[in-house]
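Asks:
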């Protein structure tokens, strides 16, 4: 049998080799495809189309002061000379971290102000020298006010990045010989930075108008502490063009070096702006250095993670002699078809010449060698003295910045017009009614025409003079045509409103796509001008050999197995059911901390969540499983598959890490079968610009306020959102391990708990939903849909973006999704505790149900003490904090971890105001019990809800009908498990 298997593999290898050789040799494929040309876009034509600006924007602010003369001198403001600090303890420190003199240490909350006497009116840039002190490992955020007023909206969020590097210069490897992603550590240092736009929508630093006389500058802390040395008001700097610099080279007698060639691997970066920028494994070509056919090697830098404006990577190079050098990058930009990914180049922290502001990496499916220059045969020359120098590439939007600002303004204008239209037509207009929108909204046609002209102009710019169109211009042309046609035929608007909404939503997604500028770097070369450079692509023979080796290795390499090969007395098996990133982070934490401190080895495996049950039944399950749903522990415990954790002597001490509410789903027969990892719960999200600014409404504090708010929204055909299901850590609907189980509705749980209702009674032997309180709250819940016509199923994120649903209750992990996928409404939304039920004493109860995930130990585990030690370590403050930070490091804000550990949650990178809101709502969380047979409770509640709302049945009778089903299932399961049951 074994011999036959070996023969089969050999035959497959030989067959694959023949096919590959035929395809690459006979088919005539070349080793190199022609790279696309780096073609800058001409965005100058947008200026005449952008007569209107986003209200309160920097563009609008700058348009009012364009004719202001340039100031002649700088003004230095020593930080220790502040005249007021409010809400913070601003302490003066001396000779801090190698810098002589006095500085001021500011906290992550409160504000600090300085007085400044301006001798000449003008537009000033503001420079700040600061030191990043230890905090939550996130970027520092401040807001600026001048004379007590925010000059423009973007000044509310000024971001100052920390600086990071790999902990080790040599990559660690796992037990299978694969490179591990290096741990990132902060490099605290003094930095000097101009106030600028963190989103990259404005290439140049902000300019602030200050009239002659005395003014007050105030910095308000939003996130993280900071030590400030000084602020400086300065005039904008100017950089010469390369042609002018070349003349200076000749005047100074600078000559090209000879015989110099230095290669720096991309993954060997010295510094970076964010810990998200990790070296990674690229197997697209065996010419990538270093390369291994079967093992993972960190051989490239940047890629998809290096795509957001403001992100930078810096390399250090040491040259042996003074002279002029050329710089080349082996890169791969296979993301932006027919476009270039843009970077800004600085040498030793300075922009060498004007053209270095925009370095374009053109699209190509293969690796390219880009010599920086106007053309490859005429490279830019960079003067360097002997010694160490730094080369930095920073993501920039370049000519795309005004494009994105224009489109962002168009999205906001069109969404505002959409809300006006549906205020007359509703979201489902009557096809046979004439709404006379051209008379009711006289400005509609003009708005549509203006926005159509803008979108057509942008589409032409992206297509270029000879391009017939591409995937980035198709949507623009489609929406522009629709707008023009609706302006010409306003009577067709109601029938096309749904398509219009979809296209505007797609335009918001288009902004995200255009905003991203990924490039991968294999290595950079600093050399004499005209040096012979290595080919960026491998030969056909090298590709053949590596493909053959990789194919052969696929039969024995398992990249989902993170287990240790080391023999040891104490080894526990742990299954992770989430993703590779999570597993890699956990593997490193285990090796660096848990195994190092305890000597207990962990065999870590990445598995699919749906194999947990069959593997347990087959007796091949793990010792510990992580990230299992709340429905799993009791379901498995009733079948004697899980270990009771309450038998361990320090169990009560461990549970003090969490809210008592989060332990409720893991309790069965006064025993506990899980430790919480994540905890999620609802909060109230709202659009500030619509609720407060447009409609002048207040955020509801009670359900009576909600009942008063809904008609006000419906006057404008806007909606209030209520959740039907909980969300996971990424802000998506929770998915259970089977099709039967459905968690109870978060809205119903909220109403039930705020009125002292309960899901189960009589020691969990029967459902408590036949009690009067439960029936009343069920009716109140269904009345919101029957009488107030709240939509049953909604895509909250998209409707929130458009403003169609400007307020709603949803799990707080929606914050992660909105922060990343709705950039056009950044700063226009917030969240607050949910509406509550007012008590006789005037207080408000804001109880909410809570969801999450758990870690469980299986009954068959041999070394239970070691497994318990692992579970305690995993749910500890230190580990949860390290894991949460690493997740955000790798995946950004969209992966902010909703840990159940209270102390760890407080230390994650939440803005202080948002964290306080979360902690306030967390105090009101209530756990939803899991009982034998309770897996049908949520499903039957949903059936009863739909029967009332959709079919018009009576709420009381319907609930009574389904309560019988619930009790029958609970009784059946309690009989099966030999538990007391109601007769």
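Residue numbers (our numbering): 1273 to 2255. For each residue, glycine too, the CB sits at the ideal point set by N, CA and C.
1. Compare the Cα-Cα distances from residue 1820 to each of 1957, 1565, 1742 and report the closest residue.
2. If residue 1586 sits next to residue 1535, beta carbons under 8 Å apart, how far is it from one beta carbon to the other, in whole angstroms?
3. Measure the alpha-carbon distance for residue 1927 versus residue 1947 and round it to whole angstroms.
4. Buried or exposed, going by whether 16 or more other CB atoms sit within 10 Å of the CB of residue 1273?
5. Examine the Cβ distances between the stretch 1478 to 1487 and the stretch 1567 to 1576 and report whether three or more of them are shorter than 8 Å.
6. Determine which residues share a DSSP beta bridge with residue 1383 and list them.
7. If contacts are defined as beta-carbon pairs under 8 Å, then residue 1994 and residue 2211 qualify, I think. What distance do you get, rounded to the angstrom?
8. Please report the Cβ distance between residue 2078 and residue 1959, rounded to the nearest whole angstrom; I am assuming they are in contact, meaning their Cβ atoms lie under 8 Å.
9. Could you check whether residue 2205 and residue 2246 sit closer than 8 Å to each other, using their CB atoms as the reference points?
10. Going by DSSP, what residues sit across from residue 1773 in a beta bridge?
11. Can you check which of these residues, 2071, 2092, 2196, 2052, is closest to residue 2115 by C-alpha distance?
12. How big is the Cα-Cα spacing for residue 1811 and residue 1746?
13. Within the continuous alpha helix (DSSP H) that includes residue 1364, where are the two ends?
14. Where does residue 1875 sit, in a helix, a strand or coil, going by DSSP?
15. Should residue 1790 be labelled buried (16 or more other beta-carbon atoms within 10 Å of its own) or exposed?
16. Using the C-alpha atoms, what's the distance from residue 1818 back to residue 1561?
17. Along the chain, where does the alpha helix (DSSP H) containing residue 2054 start, and where does it finish?
18. Confirm, please, whether the CB-CB distance from residue 1899 to residue 1849 is below 8 Å.
19. Keeping to the same chain, check which residues put their C-beta closer than 6 Å to that of residue 2228; ignore five residues upstream and five downstream.
20. Would the stretch 1356 to 1368 and the stretch 1463 to 1479 be scored as touching if the rule is three or more Cβ pairs under 8 Å?
21. Can residue 1614 and residue 1670 be called in contact, C-beta distance under 8 Å?
22. State the CB to CB distance for the pair residue 1394 and residue 1342, rounded to an integer number of angstroms; the pair is presumed to be in contact (CB under 8 Å).
23. Within this structure, are the beta carbons of residue 2135 and residue 1873 separated by less than 8 Å?
24. Can you tell me whether residue 1378 is helix, strand or coil according to DSSP?
25. Report the start-end ranges of each alpha helix (DSSP H) in the stretch 1628 to 1706 that is 4 residues or longer and not cut off at the edges.
26. If you draw a straight line from the C-alpha of residue 2138 to the C-alpha of residue 1844, how long is it?
27. May I have the straight-line CA-CA distance separating residue 1305 from residue 1515, to the nearest angstrom?
28. Could you tell me whether the stretch 1391 to 1406 touches the stretch 1521 to 1535, using the rule of 3 or more Cβ pairs below 8 Å?
29. Report, in whole angstroms, the separation of the C-beta atoms of residue 1713 and residue 1929, which I expect to be a contact under 8 Å.
30. Buried or exposed, going by whether 16 or more other CB atoms sit within 10 Å of the CB of residue 2076?
31. Just curious, the alpha helix (DSSP H) that residue 2232 is in, first and last residue?
32. Rounded to whole angstroms, what's the CA-CA distance from residue 2176 to residue 1950? Just pull it up for me.
33. Would you please state the rounded distance, in angstroms, between the beta carbons of residue 1493 and residue 1604? I believe it to be under 8 Å.
34. Measure how close the beta-carbons of residue 1651 and residue 1801 come, nearest whole angstrom, since I'm counting them as under 8 Å.
35. Run through the DSSP bridge pairs and tell me what residue 2174 is partnered with.
36. If we ignore side chains and look at the alpha-carbon of each, how far apart do residue 1963 and residue 1973 end up?
Replies: If we stick to the structure as given:
1. Within the chain shown, the letter at position 548 stands for residue 1820. The residue among 1957, 1565, 1742 with its C-alpha nearest the C-alpha of residue 1820 is 1565.
2. Reading the chain shown from its first residue, position 314 is the one you call residue 1586. Reading the chain shown from its first residue, position 263 is the one you call residue 1535. Contact between residue 1586 and residue 1535 is ruled out by a C-beta separation of about 17 Å, above the 8 Å threshold.
3. Indexing the chain shown from 1 puts residue 1927 at position 655. Indexing the chain shown from 1 puts residue 1947 at position 675. Using only the alpha carbons, I get a separation of about 8 Å.
4. Stepping through the chain shown from its first residue, residue 1273 is reached at position 1. Below a pLDDT of 50, predicted positions are generally treated as unreliable, and residue 1273, at 46, falls in that range; the measurement from the model is reported next regardless. Here residue 1273 is exposed. Its C-beta has fewer than 16 other C-beta atoms within 10 Å.
5. Flag = no, the stretch 1478 to 1487 and the stretch 1567 to 1576 do not touch.
6. As a working note, residue 1383 is residue 111 in the chain shown. Listed as beta-bridge partners of residue 1383 by DSSP are 1358, 1492.
7. Against the chain shown, residue 1994 aligns to sequence position 722. Against the chain shown, residue 2211 aligns to sequence position 939. Wrong, their Cβ atoms sit about 19 Å apart, outside the cutoff.
8. Counting from one through the chain shown, the residue named residue 2078 turns up at place 806. Counting from one through the chain shown, the residue named residue 1959 turns up at place 687. The Cβ separation is near 4 Å, so the contact holds.
9. As a position in the chain shown, residue 2246 is number 974, starting the count at 1. As a position in the chain shown, residue 2205 is number 933, starting the count at 1. Yes. Within cutoff.
10. Position 501 of the chain shown, counted from the first residue, corresponds to residue 1773. As far as DSSP is concerned, residue 1773 takes part in no beta bridge.
11. In the chain shown, the residue the question calls residue 2115 occupies position 843. That would be 2196, whose Cα lies nearest to the Cα of residue 2115.
12. Counted from its first residue, the chain shown places residue 1811 at position 539. Counted from its first residue, the chain shown places residue 1746 at position 474. For the pair residue 1811 and residue 1746, the Cα-to-Cα distance works out to about 37 Å.
13. In the chain shown, residue 1364 corresponds to position 92, counting from 1. Secondary structure note for residue 1364: it is in no alpha helix (DSSP H), and the uninterrupted beta strand (DSSP E) holding it is 1363 to 1366.
14. Start at 1 with the first residue of the chain shown, and residue 1875 comes out as number 603. In the structure shown, residue 1875 sits in a strand (DSSP, three-state: E or B).
15. For the purposes of this step, residue 1790 is taken as the residue at position 518 of the chain shown. Answer is buried; the Cβ neighbour count reaches 16.
16. Start at 1 with the first residue of the chain shown, and residue 1561 comes out as number 289. Start at 1 with the first residue of the chain shown, and residue 1818 comes out as number 546. Between the alpha carbons of residue 1561 and residue 1818 lies a distance of about 13 Å.
17. In the chain shown, the residue the question calls residue 2054 occupies position 782. Element bounds for residue 2054: 2044 to 2058.
18. As a working mapping, residue 1849 is identified with position 577 in the chain shown. As a working mapping, residue 1899 is identified with position 627 in the chain shown. For residue 1849 and residue 1899, yes; Cβs fall inside 8 Å.
19. To locate residue 2228, count along the chain shown from 1; it is residue 956. Residues 2047 of the same chain have their beta carbon placed closer than 6 Å to that of residue 2228, with the five preceding and five following residues left out of the count.
20. The way I'd put it, the stretch 1356 to 1368 doesn't touch the stretch 1463 to 1479; fewer than three beta-carbon pairs between them come closer than 8 Å.
21. Mapped onto the chain shown, residue 1614 falls at position 342. Mapped onto the chain shown, residue 1670 falls at position 398. Contact flag set, yes.
22. Residue mapping note: residue 1394 aligns to position 122 of the chain shown, counting from 1. Residue mapping note: residue 1342 aligns to position 70 of the chain shown, counting from 1. Right, the Cβ-Cβ distance comes to about 6 Å (below 8 Å), so this counts as a contact.
23. Residue 2135 sits at position 863 when you count from the first residue of the chain shown. Residue 1873 sits at position 601 when you count from the first residue of the chain shown. No.
24. Taking the first residue of the chain shown as 1, we reach residue 1378 at position 106. Residue 1378 falls in the strand class under three-state DSSP.
25. Listed in chain order, the complete alpha helix (DSSP H) runs (minimum 4 residues) inside the stretch 1628 to 1706 are 1672 to 1697.
26. Sequence index remark: in the chain shown, residue 2138 carries index 866 (1-based). Sequence index remark: in the chain shown, residue 1844 carries index 572 (1-based). Between the C-alpha atoms of residue 2138 and residue 1844 there is a straight-line separation of about 7 Å.
27. Residue 1305 sits at position 33 when you count from the first residue of the chain shown. Residue 1515 sits at position 243 when you count from the first residue of the chain shown. Below a pLDDT of 50, predicted positions are generally treated as unreliable, and residue 1305, at 36, falls in that range; the measurement from the model is reported next regardless. Here the alpha carbons of residue 1515 and residue 1305 stand approximately 32 Å from one another.
28. No, the stretch 1391 to 1406 does not touch the stretch 1521 to 1535.
29. Mapped onto the chain shown, residue 1713 falls at position 441. Mapped onto the chain shown, residue 1929 falls at position 657. Their Cβ separation, rounded to whole angstroms, is 56 Å, which puts residue 1713 and residue 1929 out of contact at 8 Å.
30. For the purposes of this step, residue 2076 is taken as the residue at position 804 of the chain shown. In summary, residue 2076 is buried, with 16 or more beta-carbon neighbours lying within 10 Å of its beta-carbon over all protein chains present.
31. As a first step, residue 2232 must be located in the chain shown, where it is residue number 960. From DSSP, the alpha helix (DSSP H) with residue 2232 extends over 2227 to 2248.
32. Walking along the chain shown from the start, residue 2176 turns up at place 904. Walking along the chain shown from the start, residue 1950 turns up at place 678. Distance between residue 2176 and residue 1950, taken at the CA atoms: about 11 Å.
33. As a first step, residue 1493 must be located in the chain shown, where it is residue number 221. As a first step, residue 1604 must be located in the chain shown, where it is residue number 332. That belief does not hold up - the Cβ atoms of residue 1493 and residue 1604 are roughly 41 Å apart, past 8 Å.
34. Residue 1651 sits at position 379 when you count from the first residue of the chain shown. Residue 1801 sits at position 529 when you count from the first residue of the chain shown. Contact check for residue 1651 and residue 1801: beta-carbon distance about 6 Å, within the 8 Å limit, so the pair qualifies.
35. Here residue 2174 refers to the residue found at position 902 when the chain shown is read from its first residue. Its beta-bridge partners do not exist; DSSP assigns none.
36. Along the chain shown, read from residue 1 onward, the residue named residue 1963 stands at position 691. Along the chain shown, read from residue 1 onward, the residue named residue 1973 stands at position 701. Looking at the two C-alpha atoms, the distance is approximately 14 Å.
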